[in-house]
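Visitor: One structure follows; several queries about it will come next.
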Amino acid sequence: SGPPGFTGAPELRKALPSLLFFTDPARTPDPEAVARRLPRGAGIVFRHFGAPDAEAGARRLLAIARRRGLLLLIGQDAALAARIGAHGVHLPQRLAHRAGPLRRARPGWLITAAAHDPAAARAPGAHAVVVSPALPSRSPSAGRPLGPVRLAALARAAGRPVMVWGE
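So the sequence shown is numbered by the numbering used here: it starts at 44 and just counts up by one.
In structure tokens, the structure reads:
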């Protein structure tokens, strides 16, 4: 189960999360505490970066998500998402080409992908793209902020719902 109205791919436009919380082991060492405070309808992107306890952490977040009416997407790891019964996956830009095949294989999943340039924003398959960085960020992987003009261009290029990442 997930947020009200979440019934899988056919109705995703109305059931996209109202916001996404991206876990980060270094910057949010207790993602479960954050998840317990998210508003109903929000989504969690669990990024485990190969941690040995990833499945246990994902299962704990899924339990919270189910109780609180949240969606849980697993970052990059479709196998883990399938094993635990997550609501879908979030793909980094370098793996966005997998969105179409995943969407066909898992029609009930929500699939999002990172997009840092117009070509990535147009890549087929994802239900929504997460554009970043919109604002200055302390994230080690964040590049130069897009600013309003580049952000608007990416949003126009996407041709699908766009979520903006920022701190």
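From the three backbone atoms N, C-alpha and C, an ideal C-beta is built for every residue, glycine too. In this text the structure is predicted, and so the values were computed from the model without any measurement.
Does DSSP put glycine 190 in a helix, in a strand, or in coil?
Guide: The sequence position of residue 190 within the sequence shown is 147, counting from 1. If DSSP states are grouped into helix, strand and coil, glycine 190 belongs with the helices.
Visitor: What are the partner residues of valine 77, as DSSP defines its beta bridges?
Guide: As a working note, residue 77 is residue 34 in the sequence shown. Paired residue(s): none; valine 77 is not in a bridge.
Visitor: In the structure shown, what three-state DSSP assignment does histidine 159 receive?
Guide: Counting from 1 along the sequence shown, the entry for residue 159 is found at position 116. Note: histidine 159 maps to coil in three-state DSSP.
Visitor: Please list the segments of the alpha helix (DSSP H) lying wholly inside the segment 99 to 149, counting only runs of 4 or more residues, in order along the chain.
Guide: 121 to 127 and 142 to 148
Visitor: Whole angstroms is fine: what's the gap from glycine 202's alpha carbon to aspartate 73's?
Guide: The residue labelled residue 202 in the question sits at position 159 within the sequence shown. The residue labelled residue 73 in the question sits at position 30 within the sequence shown. Their Cα atoms are separated by approximately 35 Å.
Visitor: Alpha carbon to alpha carbon, how far is alanine 78 from alanine 196?
Guide: As a position in the sequence shown, residue 78 is number 35, starting the count at 1. As a position in the sequence shown, residue 196 is number 153, starting the count at 1. Cα-Cα distance, rounded: 32 Å.
Visitor: Taking the beta carbon of proline 176 as the centre, do at least 16 other beta carbons fall within 10 Å, making it buried, or is it exposed?
Guide: Taking the sequence shown and counting its residues from 1, the one referred to as residue 176 is at position 133. Buried is the call here.
Visitor: Are valine 88 and threonine 71 close, meaning C-beta to C-beta below 9 Å?
Guide: Sequence index remark: in the sequence shown, residue 88 carries index 45 (1-based). Sequence index remark: in the sequence shown, residue 71 carries index 28 (1-based). No, these two residues do not count as a Cβ contact at 9 Å.
Visitor: If you draw a straight line from the C-alpha of glycine 45 to the C-alpha of proline 204, how long is it?
Guide: The residue labelled residue 45 in the question sits at position 2 within the sequence shown. The residue labelled residue 204 in the question sits at position 161 within the sequence shown. Note that glycine 45 scores 47 on pLDDT, short of 50, meaning its location in the model is unreliable and no value can be drawn from it.
Visitor: What's the gap between the Cα of glycine 168 and the Cα of arginine 146?
Guide: Within the sequence shown, residue 168 is the residue found at index 125, counting from 1. Within the sequence shown, residue 146 is the residue found at index 103, counting from 1. Each residue's Cα considered, the two are about 7 Å apart.
Visitor: Measure the C-alpha to C-alpha separation of proline 191 and threonine 155 and round it to an integer number of angstroms.
Guide: Within the sequence shown, residue 191 is the residue found at index 148, counting from 1. Within the sequence shown, residue 155 is the residue found at index 112, counting from 1. About 22 Å.
Visitor: What whole-angstrom Cβ distance do leucine 266 and glycine 93 have, given they're in contact under 8 Å?
Guide: In this structure the chain extends from 44 to 210, so residue 266 is not present and cannot be described.
Visitor: What separation, rounded to the nearest whole angstrom, lies between the Cα atoms of glycine 48 and leucine 113?
Guide: Numbered from 1 along the sequence shown, position 5 holds the residue referred to as residue 48. Numbered from 1 along the sequence shown, position 70 holds the residue referred to as residue 113. With a pLDDT of 44 at glycine 48, under the threshold of 50, the predicted position of this residue should be treated as unreliable, though the coordinate-derived value follows. Distance between the alpha carbons of glycine 48 and leucine 113 is about 11 Å.
Visitor: To which residues does DSSP link phenylalanine 89 through a beta bridge?
Guide: In the sequence shown, counting from the first residue as 1, residue 89 sits at position 46. DSSP output for phenylalanine 89 lists Ile117 as bridge partner(s).
Visitor: Under DSSP, the beta strand (DSSP E) around leucine 63 begins and ends at which residues?
Guide: Looking up residue 63 in the sequence shown gives position 20. Note, leucine 63: beta strand (DSSP E), 63 to 65.
Visitor: Between the C-alpha atoms of arginine 1 and serine 180, what's the straight-line distance to the nearest angstrom?
Guide: Look at the range of the chain in this structure, 44 to 210, and you will see that residue 1 is not part of it.
Visitor: Evaluate alanine 76 with the Cβ neighbour count: other Cβ atoms within 10 Å of its Cβ, from every protein chain shown; 16 or more gives buried, anything less gives exposed.
Guide: As a working mapping, residue 76 is identified with position 33 in the sequence shown. Per the 10 Å Cβ criterion, exposed.
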